[in-house]
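Chemist: Be aware that the sequence shown starts at 87, since it is given in the working numbering, and climbs by one per residue. Supplied in structure tokens, the structure appears directly below.
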Amino acid sequence: MHLPAATAYLTAVTTASPPSHLQRVVAWLHRQPLKFLWLLVLWMAFVLPWLQRDQNKPGEFYPFSNLPMYSSFAPSTYYVYVTDLADQPVAIKFLSGQVLSNIKKTYESELKKQKSKAGGSIKLADLPIEKRHEAGNATLHWLVPFCHADQLAQLGGLRLRQVSIDYREGRIEKTELPVGEVHAPTAPAP
């Protein structure tokens with residue numbers, strides 16, 4: 087370095103005011119390889135909450151939405167599964183190619199049909215057991231054509247079981263009941 091250049095540099099360094107906090111942050115951001123990502127992080131961490139500070143629900147969309155389906159759960163729900171006539175669970179995917187979610191949807195649509203027949207003012211969970219049996223039997227009759235005939239014959243038939251899960255008084259209660267039964271179709275005698 088030449089002497090005048092070095093002197094000018096030292097004079098500039100010693101006489102210049104120190105950079106502000108904002109200038110240091112901006113300089114730091116310029117040195118980062120993923121500038122846009124850091125800008126997004128700063129936006130979501132500081133600017134977005136500041137902009138939403140006067141809302142009824144501050145932070146409603148930060149960083150995740152407060153969707154009711156994820157923030158609160160119904161006090162009761164149920165699931166269904168399929169057993170053989172000895173009440174041993176059956177791997178229904180291998181037997182029929184169907185998944186339990188499809189069976190539950192079919193069962194629920196059959197329950198809704200039974201509800202409309204009963205007048206429609208009753209809740210699905212409060213349907214009488216006879217109506218649930220009709221819905222369960224209809225579901226199993228829907229399922230049988232999908233099943234491999236030889237495997238179904240070995241099982242002798244299928245049962246649909248409903249497991250209700252209720253949250254009451256700080257406890258989880260589980261109730262299981264059979265809601266449908268179908269026997270394997272017999273081959274006609276030759």
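Where is the CB? At the ideal position from N, CA and C, for every residue including glycine.
On the CB-based measure, 16 or more other CB atoms within 10 Å of its CB, does residue 262 come out buried or exposed?
Modeler: That one is exposed.
Chemist: If you reduce the DSSP assignment to three classes, tell me which class residue 255 lands in.
Modeler: Coil, per DSSP.
Chemist: Run through DSSP, which three-state label would residue 230 get?
Modeler: Residue 230 falls in the helix class under three-state DSSP.
Chemist: Quick one: residues in its chain with C-beta nearer than 6 Å to the C-beta of residue 87, no 5 flanking neighbours on either side, listed in chain order?
Modeler: Residue placement at residue 87 cannot be trusted, given a pLDDT of 49 that sits under 50; the coordinates are not used to answer.
Chemist: So the candidates are 160, 171 and 138; which of them puts its Cα closest to the Cα of residue 264?
Modeler: Measuring from the Cα of residue 264, the nearest candidate turns out to be 171.
Chemist: Are the C-beta of residue 160 and some C-beta of chain D separated by less than 8 Å?
Modeler: In summary, chain D is missing from the structure at hand, where a single protein chain is found.
Chemist: By the three-class DSSP mapping on this structure, what secondary structure does residue 272 have?
Modeler: Residue 272 falls in the coil class under three-state DSSP.
Chemist: What is the DSSP secondary structure of residue 266, reduced to helix, strand or coil?
Modeler: Note: residue 266 maps to strand in three-state DSSP.
Chemist: Determine the direct distance from the alpha carbon of residue 131 to that of residue 148, and round the result to whole angstroms.
Modeler: Bear in mind that a pLDDT of 49 at residue 148, under 50, signals an unreliable position, so the number given afterwards is only what the model happens to contain. Cα to Cα, residue 148 sits roughly 9 Å from residue 131.
Chemist: Please classify residue 277 as buried or exposed, where buried requires at least 16 other C-beta atoms within 10 Å of its C-beta.
Modeler: The structure shown does not extend to residue 277, since the chain is modelled only from 87 to 276, so the question has no answer here.
Chemist: Based on DSSP bridge pairs, tell me the residues matched to residue 162.
Modeler: For residue 162, which the question treats as bridged, DSSP gives the partners 252.
Chemist: Are residue 248 and residue 218 closer than 8 Å when you measure CB to CB?
Modeler: It is a contact, given that the beta carbons lie within the stated cut-off.
Chemist: So if DSSP puts residue 261 in a beta bridge, which residue, or which two residues, is it bridged to?
Modeler: Looking at the DSSP assignment, residue 261 forms a beta bridge with 250.
Chemist: Which of helix, strand or coil does DSSP assign to residue 67?
Modeler: Any question about residue 67 goes unanswered here, given that the chain covers just 87 to 276.
Chemist: Would you give the residue range spanned by the alpha helix (DSSP H) that residue 298 belongs to?
Modeler: No answer is possible for residue 298: it lies beyond the span of the chain, which begins at 87 and ends at 276.
Chemist: Report the three-state DSSP secondary structure of residue 206 (helix, strand or coil).
Modeler: Of the three classes helix, strand and coil, the one that applies to residue 206 here is coil, per DSSP.
Chemist: Using beta-carbon positions only, say whether residue 204 and residue 197 come within less than 8 Å of one another.
Modeler: Cβ distance not < 8 Å, so residue 204 and residue 197 don't count as in contact.
Chemist: Since residue 227 and residue 268 are thought to touch, with beta carbons under 8 Å apart, how far apart are those beta carbons, to the nearest angstrom?
Modeler: About 6 Å; that satisfies the 8 Å criterion.
Chemist: Using 10 angstroms around the beta-carbon of residue 220, count the other beta-carbons present and answer buried if the total reaches 16, otherwise exposed.
Modeler: Classification of residue 220: buried, given that the 10 Å Cβ count is 16 or more.
Chemist: If the criterion is Cβ atoms closer than 8 Å, does the pair residue 166 and residue 241 meet it?
Modeler: It is not a contact, given that the beta carbons lie outside the stated cut-off.
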